[in-house]
Amino acid sequence: MQLNVQDREITIKIVYYGPALSGKTTNLTAIHSLVEDEHRGKLITLDTQDDRTIFFDLLPIHFKASGNLLIKVKLFTVPGQVVHDSTRRVVLAGADGVAFIADAQHSKKQDNIDSFNNLKKNLKLNGFDPESMPMVVQFNKLDLPDTQTKEEIEESRRRSSHPVYPAVAIQGKGVIKTLAGLIALTWEELEKKHSLEDKFGITRTAFLENVLSCLKMKDIKAGI
Ligand SMILES: Nc1nc2c(ncn2[C@@H]2O[C@H](COP(=O)(O)OP(=O)(O)OP(=O)(O)O)[C@@H](O)[C@H]2O)c(=O)[nH]1
Ligand SMILES: [Mg+2]
Numbered sequence: 017m018q019l020n021v022q023d024r025e026i027t028i029k030i031v032y033y034g035p036a037l038s039g040k041t042t043n044l045t046a047i048h049s050l051v052e053d054e055h056r057g058k059l060i061t062l063d064t065q066d067d068r069t070i071f072f073d074l075l076p077i078h079f080k081a082s083g084n085l086l087i088k089v090k091l092f093t094v095p096g097q098v099v100h101d102s103t104r105r106v107v108l109a110g111a112d113g114v115a116f117i118a119d120a121q122h123s124k125k126q127d128n129i130d131s132f133n134n135l136k137k138n139l140k141l142n143g144f145d146p147e148s149m150p151m152v153v154q155f156n157k158l159d160l161p162d163t164q165t166k167e168e169i170e171e172s173r174r175r176s177s178h179p180v181y182p183a184v185a186i187q188g189k190g191v192i193k194t195l196a197g198l199i200a201l202t203w204e205e206l207e208k209k210h211s212l213e214d215k216f217g218i219t220r221t222a223f224l225e226n227v228l229s230c231l232k233m234k235d236i237k238a239g240i
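With the numbering used here as the guide, the letters of the sequence shown map in order to residues 17 to 240.
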């Protein structure tokens, strides 16, 4: 996180992590089209080969919170292919929150587990404690056949210490809920570490209302 108390600016870094082809880039594309123009910058997709991320994607979003506080959120994706591990570690550095995008197809279960373990390893290598990193899990591609059932997702939710969200990112479904949930968690953690309420005079509730009103505008219109 970057804090600029004088200019009343906070920059938060969020990283979309997960196995190859789980839909990380698709989440950013969907967010780009769902968030109002005034709240987002350009979606930058760096170095792709056959639509596979080789380096990272970046989408900056921003909004004004009460008390004239400017919140900038930088959304990054990592490349999911196993071979790009060192890039994943670099992109993960300095993250304030992680959205783990799992592929809900039964055939991808092991890939999800391997990627989750890889995430924990890279968090540790970057000096983070995986337990205290704000994190949400998204089960994506629920439009496909042979994906995890509602009951299976419910079971994961019960067992997981992280909030779990269902999604069909290609249709924009679930992506805003995932992001809003993660921003809320991230704020709580940053508040603990940096006493943001004292510094900027903004309460958690006010912050969340600001985030939701900014993120959900088109989402609600689209009936998602
Ligand atoms: N059916 C379906 N396909 C999806 C969904 N989300 C993404 N896809 C497709 O899955 C493929 C991979 O999506 P990406 O977003 O590029 O995946 P990624 O996680 O960024 O992949 P890497 O960059 O290789 O790590 C693309 O063909 C997407 O259109 C979804 O919800 N349903
Ligand atoms: Mg990608």
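Even glycine gets a Cβ: it sits at the ideal position worked out from N, Cα and C.
Beta-carbon proximity list for residue i, same chain, < 6 Å, skipping 5 on both sides
i    : result
P76  : G57, K90
E25  : L86
H122 : D162
K29  : K90, G110, A111, D112
Residue i: CB within 6 Å of a non-hydrogen atom of ligand 4
i   : result
K40 : What this structure holds is ligand 1 and ligand 2, not ligand 4.
Per-residue burial, residue i [other beta carbons within 10 Å of its own, 16 or more giving buried]
i    : result
Q154 : buried
T41  : buried
N156 : buried
Of the residues the options, the one placed nearest residue i, counting alpha carbons only
i    : options              : result
P95  : P179, G34, T202      : G34
I181 : R175, H78, G197, L37 : According to the sequence displayed, residue 181 carries Tyr and not Ile. Minimum Cα distance to Y181 is reached at G197.
T103 : T45, E168, V31       : V31
D119 : Q164, I218, G188     : Q164
V114 : I60, P146, D127      : P146
D159 : K189, K209, N43      : K189
Residue i: first and last residue of the uninterrupted beta strand (DSSP E) it sits in
i    : result
D53  : Counting along the chain, D53 falls outside any beta strand (DSSP E), and DSSP gives it neither H nor E.
I117 : 113-119
F79  : 73-81
Other residues of its chain near residue i: CB distance less than 8 Å, five sequence neighbours each side excluded
i    : result
K215 : L19, V21
Cβ shell of residue i (< 7 Å), same chain only, five flanking positions each side left out
i    : result
T27  : M17, Q18, K88, K90
R173 : V180
Range of the contiguous alpha helix (DSSP H) that encloses residue i
i    : result
H210 : 191-210
K166 : 166-175
ask   = Taking contact to mean at least 3 C-beta pairs separated by less than 8 Å, is the stretch 198-209 in contact with the stretch 134-154?
value = Under the Cβ criterion (8 Å, minimum of three pairs), the stretch 198-209 counts as touching the stretch 134-154.
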